[in-house]
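Each remark here refers to the structure printed beneath this line.
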Amino acid sequence: MKQTSRACAHSICRISLLFLALTLPHAANAEVVFSESFESPVVSGFDDNTVPDNGNWVGSSGAYNASVRGLYNDFVAWPGTSKFSTPYGDQGYMLAYSTTQLTTAQGATGQTITAGVTYTLTFNAAFESGASADYKAELVAFAAADDNAAREDPNSPAGTVVASATGAITA
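Sequence positions in the sequence shown follow this note's numbering and run 11 to 181.
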């Protein structure tokens, strides 16, 4: 069974994911095999229930508040939030509630998980002014037959979590 990788980010509270990179080391050097800065399509403010239009992503569906996620432009203050800045462009990706997630689409990373190889998932995250946020990021291996419908369902048994990290973002 071929295993392909996905980068997945979940939100436990309101959180904006600003930049994501999956790194695979080859010999003495690390190679970035997938990165995203959420620049397309350009939105004005917060555009909920959206995913970047480059075909690399699927968003969560079905669960309570699963669609409260989307592209967010740093030039516009959405009600209740401040403008933000990112060194990776002008937009980020906002995830809200524990049921929201953003997952790479089938074939997006083009990688096969290999035993004994170290993979590094890096991301920058921010939270709304005056608040804090918790996050969970996972590296998941999918079978080749696991399509985007299985990936967007937060309750799907598809895929195997090979690594995860959680944490809190505070001022």
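Even glycine gets a Cβ: it sits at the ideal position worked out from N, Cα and C. These numbers were taken from a predicted model, which means no experiment stands behind them.
| Check | Outcome |
| --- | --- |
| Which value, in whole angstroms, describes the spacing of the CA atoms of PRO164 and MET104? | 17 Å |
| What are the complete alpha helix (DSSP H) segments, minimum 4 residues, inside the segment 91-126? | none |
| In its own chain, which residues sit with a C-beta less than 8 Å from the C-beta of ASP100, not counting the 5 before and 5 after it? | GLU49, VAL52, ASN83, ASP84 and PHE85 |
| Hey, could you find the ends of the beta strand (DSSP E) ALA168 is sitting in? | It is not in any beta strand (DSSP E) - ALA168 carries neither H nor E in the DSSP assignment. |
| To the nearest angstrom, how far is the alpha carbon of THR119 from that of GLU148? | 14 Å |
| Where does ALA159 sit, in a helix, a strand or coil, going by DSSP? | helix |
| Of the residues SER142, PRO62, ALA115 and PRO97, which one's Cα is nearest the Cα of ALA159? | ALA115 |
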